[in-house]
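What follows is a single structure, written as structure tokens, with notes after it.
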Amino acid sequence: MKHLSMKEGTAVRVEIVKPKGQVAFEDLRSADLVIDAVYKGGKSGNLRDDVLSKLLGCGNAGGFRFLGKGPDYKLVVLFTTDNDPDWPDLLDPHTGLFVYYGDNKSPGHAAGSKKGNKLLETIYNRLHAQPAERRLIPPVFVFSRGIEGHDVVFRGLAVPGAEGMGTAEDLVALWRTSGSSRFQNYKAVLSILDVSVIPRAWIKDIQAGNPLSMNCPAGWKSWTEGGVYRTLKSPRTVGYRSEAEQIPSTSVEKEIIKTIYEHFQSRPHDFELCAAEIIQLMDKRFEITEITRKSVDGGRDIIGKYNIGSAGNSIKIDFAVEAKCYAINNSVGVRYTSRLISRLRYRHFGIVITTSYIAAQAYKEIVEDGHPVLVIAARDIARIMLEAGISGAGEMKKWLEGKFPKMH
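Every number in the working numbering is 901 more than the matching position in the sequence shown, counting from 1.
Below, the structure written as structure tokens:
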């Protein structure tokens, strides 16, 4: 789009340059889909401002959106607002895995009764059936909310499951409690394919019922025909997480961490007992063998073994834990990470677990020196508890009081 301006009496042609990585509302119906590009919403103040219906021909509301009739939809859109504290959808750009929660978010219904969850059941059943059934799985387009108004961001072309993930792991029914009522919802794991641009020509082919046309991306074809997961992985340029990446990002995550910290604030060394429980909640293959009182600093050593393999055919790797119950703005520094590293023997690994975060210098030394140390920071703890069914401060307090009661 161009216009003329006047400068010193001369007409000068001026280009109006659209911001890079943005697609204007009026261009949506002809636009390609580009990873992490922003697609601008309308300004009328109603559903006509919706972006996704114009981009893909799907519905204009909800987290699950479809084109076609179920269960054989032509395409599916998963839209995440990134702000549902009870059901924290998560895209990990480093691994290319996307965790998305279903649409049964209140009591009174079976997990598979809602339209979106029925879709999840269908596509994961097809995933685990005969290879030919993959052809019946529709392309899944993932979008997140943009910064302004009805804007959305394209996050990628997804397929159900992940490389090496078992049938009991990629679609899981989780229990939650609302008031005194219990109910289940699905947690689905999908892989974002290594496809940087979705051409408009392929979108038109999908809409016409021909997803394996000559215009389909190679990654989609490889997965559909051969089950090959060519996942879009984006390794960090910096090998350690920033403070912002380690601390809670939602109000519920913050409430969970605050509740844990306040429970152990007057007796921080007792947090080691809780830390051991959290580690086992994270992965049941962690086996805690000893929590011993240390006379030097009043703390405890947590020692355990990590089981690799299956029953009757496994090995155990030793690990040690440094646990710190700190306020969210109080970082764990080099003193404590170095102490843990000094305790590690050959073929051992360590875990630092804290209700705060690891200071940049300490984290940097762990990564750059190649120490086998796993960091479980405040955000990690909160998400482990959410995965375990703790959906807020009230349930977190009840869990802590039941397992680690305060002595009066």
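All C-beta atoms, glycine included, are put in the ideal place defined by N, C-alpha and C.
Counting only the same chain and skipping the five closest in sequence on each side, list residues whose C-beta sits under 6 Å from that of I1218. Numbered from 1 along the sequence shown, position 317 holds the residue referred to as residue 1218. Cβ neighbours of I1218 beyond the five flanking positions: Y1207.
Assuming the contact rule is C-beta atoms closer than 8 Å, L968 and Q1108 should be a hit. Round their C-beta distance to whole Å, please. Against the sequence shown, residue 968 aligns to sequence position 67. Against the sequence shown, residue 1108 aligns to sequence position 207. The Cβ separation is near 7 Å, so the contact holds.
Buried or exposed, going by whether 16 or more other CB atoms sit within 10 Å of the CB of H1051? Taking the first residue of the sequence shown as 1, we reach residue 1051 at position 150. Residue environment: H1051 is assigned as buried (16 or more neighbouring CB atoms within 10 Å of its CB, all protein chains considered).
Do R1027 and I1038 come within 8 Å of each other at the CB atom, strictly closer than that value? The residue given as residue 1038 occupies position 137 in the sequence shown. The residue given as residue 1027 occupies position 126 in the sequence shown. Yes, Cβ-Cβ distance for I1038 and R1027 is below 8 Å.
Please tell me whether Y1258 and I1148 are closer than 8 Å, where the distance is taken between their beta carbons. On the sequence shown, residue 1258 is found 357 positions in, with the first residue counted as 1. On the sequence shown, residue 1148 is found 247 positions in, with the first residue counted as 1. Yes. Within cutoff.
Is DSSP giving W988 helix, strand or coil here? Here residue 988 refers to the residue found at position 87 of the sequence shown. Collapsing the DSSP output to three states places W988 in coil.
Counting along the chain, where does the beta strand (DSSP E) carrying Q1085 start and finish? As a working note, residue 1085 is residue 184 in the sequence shown. Annotation for Q1085: the continuous beta strand (DSSP E) segment containing it runs 1082-1093.
On the three-pair Cβ rule with 8 Å, is the region 1003-1018 touching the region 1156-1176? Counting Cβ pairs under 8 Å, fewer than three are found: no touch.
State the DSSP-derived secondary structure class of R1046, mapped to helix, strand or coil. Your numbering for residue 1046 matches position 145 in the sequence shown. Strand, per DSSP.
Bridge partners - W1124, DSSP secondary structure assignment: For this step, residue 1124 is matched to residue 223 along the sequence shown. Answer is none; W1124 lacks a bridge partner.
According to DSSP, is K1225 helix, strand or coil? The count along the sequence shown starts at 1 and reaches residue 1225 at position 324. Three-state DSSP puts K1225 in a strand.
Would you kindly report the start and end of the unbroken alpha helix (DSSP H) that includes T1255? Mapped onto the sequence shown, residue 1255 falls at position 354. Careful: T1255 lies outside any alpha helix (DSSP H), inside the beta strand (DSSP E) at 1250-1255.
Whole angstroms are fine: how far does the CA of N1111 sit from the CA of L1287? The residue you call residue 1287 lines up with position 386 of the sequence shown. The residue you call residue 1111 lines up with position 210 of the sequence shown. Across the structure, L1287 and N1111 are spaced so that their CA atoms are roughly 40 Å apart.
Should the region 1039-1047 be regarded as contacting the region 1064-1082, the criterion being three or more beta carbon pairs within less than 8 Å? In short, these stretches do not touch, since the Cβ pair count stays below three.
Burial state of G1214, where buried means 16 or more other Cβ atoms lie within 10 Å: Against the sequence shown, residue 1214 aligns to sequence position 313. Going by the sequence as given, residue 1214 is Asn instead of Gly. N1214 should be labelled exposed.
Using only the alpha-carbon positions, how far apart do S1167 and A1089 sit? For this step, residue 1167 is matched to residue 266 along the sequence shown. For this step, residue 1089 is matched to residue 188 along the sequence shown. It is roughly 39 Å from the alpha-carbon of S1167 to the alpha-carbon of A1089.
Euclidean distance between Cα positions of E1022 and G1013: Residue 1022 sits at position 121 when you count from the first residue of the sequence shown. Residue 1013 sits at position 112 when you count from the first residue of the sequence shown. If you take the alpha carbons of E1022 and G1013, they lie about 7 Å apart.
I1099 beta carbon less than 8 Å from that of G997: Indexing the sequence shown from 1 puts residue 997 at position 96. Indexing the sequence shown from 1 puts residue 1099 at position 198. No. Outside cutoff.
From L1020 to P972, what does the alpha carbon distance come to, in whole angstroms? Here residue 1020 is taken as the residue at index 119 of the sequence shown, counted from 1. Here residue 972 is taken as the residue at index 71 of the sequence shown, counted from 1. In a straight line, the C-alpha of L1020 is about 7 Å away from that of P972.
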